[in-house]
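Numbering-wise (UniProt numbering), the sequence shown opens with residue 1 and increments by one.
Just so it is clear, CB atoms sit at the ideal spot from N, CA and C, and this is done for glycine as well.
Predicted, not measured: the structure shown is a model, and the values here were computed from it.
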Amino acid sequence: MLGNWRSHLDVIAQTTSGLTAASEQLAASATNLSGQADSISNNVKKTDVILNLIKDVAAQTHLLGLNAAIEAARAGDQGKGFNVVAEEIRKLAARTTGSVKEITDTLTMIRTAIDELGEQIHQIAAVSEEQTASVEEISASVGEIFHMSKALYQIAEQLNK
């Protein structure tokens, strides 16, 4: 009978040991993913500086286009060709400003998604740590049950003599 108990307890011990290892691996993976999400988020934030620079250049380009249009108007008929160039400069500035806004909006959505992902990863890590602690408690209890069963078996052996 003790042999059967021991066999079952060994299976439980092996299973809980495997669960503990899997939980620890899951927690490590979650920590790694969290670090990668933070890194991606930081890199996305770096693009803000570049986008602001492009936005400033577009604003200056738009002003240059306006100034060029004013000068073309002052030049009269001689400035008509330059007026076409000024209009194209303003269109280019407007398209650039629109593109910067689209890129900013997209990066904001990416940043939000990464932040949400990071929160979920932290939750997974916390649950995994709790799971690991629970499995370790089960392992300790199984060990205690085994020792108590062994002691009871020895007492039963002595009573049968």
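When Glu-136, Ser-149, Gln-154 are compared, the shortest CA-CA separation from Ala-13 is found for Glu-136. For Gln-120, the uninterrupted alpha helix (DSSP H) segment begins and ends at 80–160. Of the residues Gly-98, Arg-6, Ile-138, the one whose Cα lies closest to the Cα of Ala-59 is Gly-98.
Note that the C-beta distance between Ile-50 and Thr-96 is not below 8 angstroms. The beta carbons of Asn-83 and Ala-73 sit about 7 angstroms from each other, so the pair counts as a contact at 8 angstroms.
Here Ser-23 is buried, its C-beta having at least 16 other C-beta atoms within 10 Å. Lys-150 has its alpha-carbon roughly 14 angstroms from the corresponding atom of Leu-159. Note that the C-beta distance between Leu-66 and Arg-90 is below 8 angstroms. Annotated as distal: Leu-19 and Phe-146, with beta-carbon spacing of 8 angstroms or more. Around the Cβ of Val-142, a 10 Å sphere holds 16 or more other Cβ atoms; the residue is buried.
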